[in-house]
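When you read off a place in the sequence shown, starting at 1, and then add 26, the result is the number in my numbering.
Each residue gets a CB set at the ideal place from its N, CA and C atoms; glycine is no exception.
Below: one structure, written as structure tokens.
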Amino acid sequence: MPSINYSNARQNFKKLISKVNEDSVTYTITTKEDKNAVILAEKDYNAILETMYLQSNPANVSHLNKSIQELNQNDTITVEIDENE
Numbered sequence: 027m028p029s030i031n032y033s034n035a036r037q038n039f040k041k042l043i044s045k046v047n048e049d050s051v052t053y054t055i056t057t058k059e060d061k062n063a064v065i066l067a068e069k070d071y072n073a074i075l076e077t078m079y080l081q082s083n084p085a086n087v088s089h090l091n092k093s094i095q096e097l098n099q100n101d102t103i104t105v106e107i108d109e110n111e
């Protein structure tokens with residue numbers, strides 16, 4: 027994860043916000059006191075929260091793990107979807 031010091035982040039805050047949103051890059055903002063912060067795009071933050079929520083339910087975790095295992099073993103089904111119907 028790239029880092030930027032507090033002074034540079036403050037001077038270039040608008041550009042920093044654009045960068046995290048356009049490139050999905052997360053930055054650590056460092057301070058002299060080692061009380062750092064992290065800046066990331068709202069969509070990335072929401073994705074993290076959703077992942078944490080989904081993984082908080084053991085049934086979801088079991089289903090996801092089974093699905094990943096099936097995918098890794100090429101145990102999948104291809105379905106054709108007719109978009110005209």
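The criterion of a C-beta distance shorter than 9 Å is not satisfied by Tyr53 and Ile74.
If you look at Val46, you'll find it in the alpha helix (DSSP H) that goes Phe39 to Asp49. In this chain, the alpha helix (DSSP H) harbouring Ser93 covers Pro84 to Asn98.
Straight-line measurement puts the Cα of Asp70 at about 18 Å from the Cα of Phe39.
For Ala63, the uninterrupted beta strand (DSSP E) segment begins and ends at Ala63 to Ile65. Put simply, the segment 42-50 touches the segment 61-69. At least three CB pairs are less than 8 Å apart.
In this structure, Tyr32 is the residue among Glu76, Gln99, Leu90 and Tyr32 with its C-alpha nearest to the C-alpha of Asp60.
Put simply, the backbone Cα of Leu80 is about 7 Å away from that of Val87.
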